[in-house]
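For this note's numbering, count along the sequence shown from 1 and bump the result up by 24. We put the CB at the ideal spot given by N, CA and C, even for glycine. Notes follow once the structure below has been shown.
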Amino acid sequence: MPGKSKLQNPKKKPTNSLMAGGLYLEVSSRGSKYWRMKYYRPTDKKEDRLAFGVYPAVSLADARAKRDEAKKLMAQGLDPKAEKKGTPTPAKVNTFEQVAPCMASNKRWGDSHRQKVLRSLEQYIFPHISARDITTLRTS
């Protein structure tokens, strides 16, 4: 563990005191101290950080235990940050039929032109693609 003088002297930039296995104590410019772990996400291999709590509320032993739990999850191929947040809620599906009226109301069209466009969409387009998610639609 770093000496007490290192922990109590905040710098202009956040500084890290490396412990082991990716665990470190981050000291912010205001003097706040946070236990964090640097790791690479198993899904896309990008670097990420996981927060374990504020020092001294979370002791070194507790931070090491949380680090070990996170490493167990990573060994199973799971992202510890995603697991900590819980299961993500399914995203709301925006269908073409839901989005088209909003798009038409945002345009600077006259009322009669807007009604013609919406009528054409209802007559020719909605029967084919009204229930499809707009993220799956392509122009070509």
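Nonlocal neighbours in the same chain, by C-beta distance under 6 Å from residue i, ignoring five residues either side
i: R65; result: D72, D103
i: R138; result: A128
i: L161; result: none
i: T113; result: Legend: pLDDT at T113 = 45, less than 50; position of this residue unreliable, value from coordinates given subsequently. Taken in chain order, the list of residues that qualify is empty.
Residue i beta carbon near the ligand MN (any heavy atom closer than 7 Å)
i: V78; result: The ligand content of the structure shown is nil, which means the ligand MN is not present either.
Residue i in three-state terms, based on DSSP
i: T113; result: Residue placement at T113 is flagged as unreliable, the pLDDT there being 45, under the threshold of 50; a coordinate-derived value is accordingly withheld.
i: A87; result: helix
i: K70; result: coil
i: Y148; result: helix
i: R60; result: strand
Option in the options with minimal Cα separation from residue i
i: P125; options: E107, K108, F150; result: F150
i: P80; options: R132, T67, A44, V51; result: V51
i: D157; options: K105, K131, T119; result: T119
i: Q122; options: K69, S136, S164, E146; result: E146
i: D86; options: K96, W59, L74, M98; result: W59
Contacts around residue i, its chain only, beta-carbon distance under 8 Å, and the 5 residues preceding and following it disregarded
i: R91; result: G45, G46, L47, M61, F76
Beta-bridge pairing of residue i - partner residues as DSSP gives them
i: V123; result: None, per the DSSP bridge assignment.
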